[in-house]
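Each residue of the sequence shown is one higher than the last, beginning at 44 in my numbering.
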Amino acid sequence: MSLENMRYIVIDRIAVGELVGDRSFQSTDFPNGQALAFLILGKSVDFPINKRVAQVMIKQGLYLLSRKEESHDVLVIDLQEAPLFDKRSDSEALLLFQKVIRFAIKRWEKMSFTWAERVLPNSTKGLLFPFANSAQVPFRITFELAPDQRRREKRAKGEELLVYKCGNEEGGGAAEEAGTTNFKKAIEALPEAQAACLKLKDTHANEISTVIGVTRLDGNQDFPQVGDASFEEWMPLLTRAQRDFIEADVVAPHRIEGPAGTGKTLSLVLKCIATLRKAHQGSGAHSALFIAHSDATRRNIAGLFQPEFDKGIISADGVMSLQSVKVTTLQAYCAEVLNTEISESEFLDRDAFESKQAQLLYTLEALDEAIETHLPTHRSFMTAEFIEFIEREDRWVVAEMLQHEVSVKIKGRADEDETKYRKLPRLAYGLPVKNDGDKVFAFLAFKGYRKRLERAGQFDTDDIILSALGQLNTPIWRRRRSREAFDSIYIDETHLFNVNELSVFHKLTKSESFFPIVYSADVSQSLGDRGWDNETFDEAMGVSEGKQGEGSSTVFSSIFRCSPDIVSLAFSVTSSGATLFTNFHDPVAAASSAFTYEEEKKCALPHYWMLGTDEQMLKKAFARADELSSELGCAKADVAIVVFSDGLFAEAEKLVKATNKPVETIKRRGDSDVVKRARQGGRFILTTADYVGGLEFSAVILVGVDQDRVPPKPSESQPESLNFLSYASHQRLYVAITRARYRVEIMGLETRGTSSLLATALANKLIAKS
44 MSLENMRYIV IDRIAVGELV GDRSFQSTDF PNGQALAFLI LGKSVDFPIN
94 KRVAQVMIKQ GLYLLSRKEE SHDVLVIDLQ EAPLFDKRSD SEALLLFQKV
144 IRFAIKRWEK MSFTWAERVL PNSTKGLLFP FANSAQVPFR ITFELAPDQR
194 RREKRAKGEE LLVYKCGNEE GGGAAEEAGT TNFKKAIEAL PEAQAACLKL
244 KDTHANEIST VIGVTRLDGN QDFPQVGDAS FEEWMPLLTR AQRDFIEADV
294 VAPHRIEGPA GTGKTLSLVL KCIATLRKAH QGSGAHSALF IAHSDATRRN
344 IAGLFQPEFD KGIISADGVM SLQSVKVTTL QAYCAEVLNT EISESEFLDR
394 DAFESKQAQL LYTLEALDEA IETHLPTHRS FMTAEFIEFI EREDRWVVAE
444 MLQHEVSVKI KGRADEDETK YRKLPRLAYG LPVKNDGDKV FAFLAFKGYR
494 KRLERAGQFD TDDIILSALG QLNTPIWRRR RSREAFDSIY IDETHLFNVN
544 ELSVFHKLTK SESFFPIVYS ADVSQSLGDR GWDNETFDEA MGVSEGKQGE
594 GSSTVFSSIF RCSPDIVSLA FSVTSSGATL FTNFHDPVAA ASSAFTYEEE
644 KKCALPHYWM LGTDEQMLKK AFARADELSS ELGCAKADVA IVVFSDGLFA
694 EAEKLVKATN KPVETIKRRG DSDVVKRARQ GGRFILTTAD YVGGLEFSAV
744 ILVGVDQDRV PPKPSESQPE SLNFLSYASH QRLYVAITRA RYRVEIMGLE
794 TRGTSSLLAT ALANKLIAKS
């Protein structure tokens, strides 16, 4: 029988449990998920062999049943009355199927439903709204929870469910009659189908299942942490896109992109290891460079390579093996390139992120001095718009935009030359300098900033990077390049580097015309430059200079870290910011959660608490942290309290000290050492939105997310600063939300009101509000 003529699908309870419990069936990025999508769409009968589930075609129905024992709880999908998968893509069909069978298992196990799943009062009808995070919200799937009730009441041995309708119409409600023609045919043929599946047990008794089980039962970890598995253990758990990316040869600059939680860093590390292993197998020398953005992430990534070092397959110094990898930060590497001793005190900070924070403080001081000293005499040469911007706007906002101008334009493109700077065009998303007078004032502020560095005897990140870039553009380096440079380069979190920093990488490859550079990017997490796009990345990585052809990219879409509800909330936040800039990239729009049903049991709809005072809000946050730790059965260190303003963070630290709460504080981005210390000491995590990137937790509590705080209210409504503040706030909220696996709780002040960034989520019921 052809699948094209399929009228119904029957799934029993055991098969449902297997299909919702195996991660490889959650996404079409896995071969098993793709095969299941093809099966329900009628495209193929080539379904993976499974120890517990078999599929048979009887008459005009597809049966997915247990191959070990009969189950009398069954779900029937009437494809004639409810053409659920018509004109659906593979991923949409799999999503709908998974939503339907999860509704069924919740019904069978007497579990509570979400707002998108409901049983109509005083009826036998169930409703499912599968597209909770899109414009297709009205689309609904209708269940009959007691089909053919009069006839089946005495005959049925289990609980039978029927999907009999789908569409955008509301339908007839509780009194609506479900058509049962195909249901009766499905039930009549069920014994024959069960017998056929049970026979398959003997036929394939010694066959090894090709289904990949990925549930880890060690402690509270349902999926291995990045450092918990070796290269060999990770490979079977990867999606098709991840595996293809890792196994492909590096022949041109290659970008991997995707939302937070899709495994970009892990894939980058595994690709580096795979490349070095290939060289090892071929007995060829290979030197790789792996660049992390901050020192904290460098330590984490270096730990991932340790099993390879221990095996002697690759080395960290090129001495013990011909295949080596150097794991470092860009700032540290450039300091080495300068071949000059730079003492610890001469760095603003060894950590790139902390260094940029120190730059901002110096920039603020220089800005205040320039406004006081130079503005009165230069006012007549400047535009009224720029004067109004620097006088009335929040000083931190102006300082951050000036810092960006100094790094990218004055230092990066003008070589600290005022004449060159005046000739450069304005940055599309930068400081709103309109004429030469505006640029002269900005340059005077830069000179004040440089004077402060000189007085302190320090160098900022841009000084070190640009000086190293000069050293890499000399005849000496060009002659040494083929011997001392790298065979391949891997860059994590490329979106956090500015243009100056990215300009270094294509100088570090052994060839001047071949750039084996692999890098990860999620523009929505960018803390540095606004305005990143594909062309800018490609240009910075040397694609335009290369002769090997165009660079390529791989997009990851299966989110492993976050629950479906958290993915929906993140989508709402990013999509509400999509109109801020023409190049705003929404990484979550095409993504989906790869959570299993067991993981979803730990999840709940994100919650928005509105409290009376900041003190009440902080106390509530710590109380909820304690409760969530108990509810999820996780360590206290798996619950993070993320604060959204510096003043509120200071108040939180005072509260911790006064009440002696068990808390570790993160003050460096991605500092997993603090998390490890907290886990050992049984403590919660307290941090800010700027430092939580690169980490993950079972639950996060976001504190201070309310009107005029996220985004912060500027002193005057200047378009540049409003856009900048809104962009930064969307980014910080997105990063903080996507740190959580199971739960997100958000807190704000009732007197301030709801944050505008959550308005869409509240309107679409993606978040509950108290």
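Beta carbons: idealized from backbone N, C-alpha and C, even for Gly.
Can you tell me which of the options puts its alpha carbon nearest to the alpha carbon of residue i?
i      : options                           : result
Tyr640 : Leu108, Gln141 and Asp530         : Gln141
Leu545 : Asp505, Tyr777 and Ile810         : Asp505
Asp681 : Ala779, Lys477 and Gly725         : Gly725
Glu412 : Glu448, Phe489, Asp481 and Val368 : Phe489
Met49  : Ser67, Gly210, Asp129 and Thr71   : Asp129
Thr167 : Thr282, Val63 and Gln192          : Gln192
Ala80  : Thr416, Arg66, Met100 and Asp133  : Asp133
Glu436 : Pro475, Glu461 and Arg422         : Pro475
Val294 : Phe558, Ile52 and Val616          : Phe558
Val143 : Ile83, Lys200, Gly327 and Arg95   : Ile83
Thr617 : His329, Val441, Tyr405 and Leu776 : Leu776
Arg795 : Tyr106, Asp669, Ser510 and Asp751 : Asp751
Lys227 : Leu205, Glu536, Lys242 and Glu213 : Leu205
Arg320 : Ser70, Cys605, Gly355 and Arg422  : Gly355
Ser423 : Asn478, Val53 and Thr462          : Asn478
Ala804 : Val610, Gly60, Arg341 and Glu379  : Val610
Do residue j and residue i come within 7 Å of each other at the CB atom, strictly closer than that value?
i      : j      : result
Leu309 : Ile334 : no
Tyr306 : Thr781 : Reading the sequence as shown, one finds Gly at residue 306 and not Tyr. Cβ distance not < 7 Å, so Gly306 and Thr781 don't count as in contact.
Leu407 : Asp503 : no
Leu108 : Leu127 : no
Thr282 : Asp89  : no
Tyr533 : Cys315 : yes
Val685 : Thr656 : no
Phe174 : Phe182 : yes
Phe288 : Thr517 : no
Gly480 : Glu448 : no
Val687 : Gly747 : Checking the sequence, you will find Phe at residue 687 rather than Val. Taking 7 Å as the Cβ cut-off, Phe687 and Gly747 qualify as a contacting pair.
Ala401 : Gly491 : no
Phe529 : Leu332 : yes
Arg298 : Ala564 : yes
Ile560 : Arg667 : no
Leu344 : Val368 : A small correction: the amino acid at residue 344 is Ile; Leu does not occupy that position in the sequence shown. In this structure, Val368 does not lie closer than 7 Å to Ile344 by Cβ.
In this structure, does DSSP put residue i in helix, strand or coil?
i      : result
Trp439 : helix
Phe624 : Any reading at Phe624 must be qualified, since the residue scores a pLDDT of 41, below 50, and its modelled position is unreliable; no value is offered.
Lys494 : helix
Glu202 : coil
Lys153 : coil
His297 : strand
Ala802 : helix
Arg456 : coil
Tyr777 : helix
Ser546 : helix
Cys240 : helix
Arg521 : helix
Ser330 : strand
Met444 : helix
Asp121 : strand
Lys168 : strand
Phe486 : helix
Lys463 : helix
Phe432 : helix
Tyr785 : strand
Ile356 : coil
Tyr106 : strand
Cys605 : coil
Any chance you could list the alpha helix (DSSP H) runs of at least 4 consecutive residues sitting entirely within the segment 45 to 86, in chain order? 56 to 64 and 74 to 83
Alpha helix (DSSP H) segments (min. 4 residues) lying fully within the segment 638 to 720: 640 to 643, 657 to 675 and 689 to 702
Check whether the segment 689 to 700 and the segment 653 to 673 are in contact - that is, three or more C-beta pairs closer than 8 Å. yes
Touch test, the segment 422 to 440 against the segment 725 to 744, Cβ-Cβ under 8 Å, three pairs minimum: no
Pairs of beta-carbons, one from the segment 108 to 123 and one from the segment 62 to 78, closer than 8 Å: are there three or more? Contact between the segment 108 to 123 and the segment 62 to 78 is absent: fewer than three C-beta pairs spanning the two stretches fall below 8 Å.
Quick test of the definition: if touching needs 3 or more C-beta pairs under 8 Å, does the segment 450 to 458 touch the segment 466 to 484? yes
Should the segment 711 to 727 be regarded as contacting the segment 785 to 799, the criterion being three or more beta carbon pairs within less than 8 Å? no
Segment contact, 8 Å Cβ cut-off, at least three pairs: the segment 228 to 236 with the segment 145 to 154: Pairwise C-beta distances place the segment 228 to 236 out of contact with the segment 145 to 154, as fewer than three of them are shorter than 8 Å.
Quick check: the segment 703 to 713 against the segment 648 to 655, are at least 3 beta-carbon pairs closer than 8 Å? Result no; under three Cβ-Cβ pairs closer than 8 Å.
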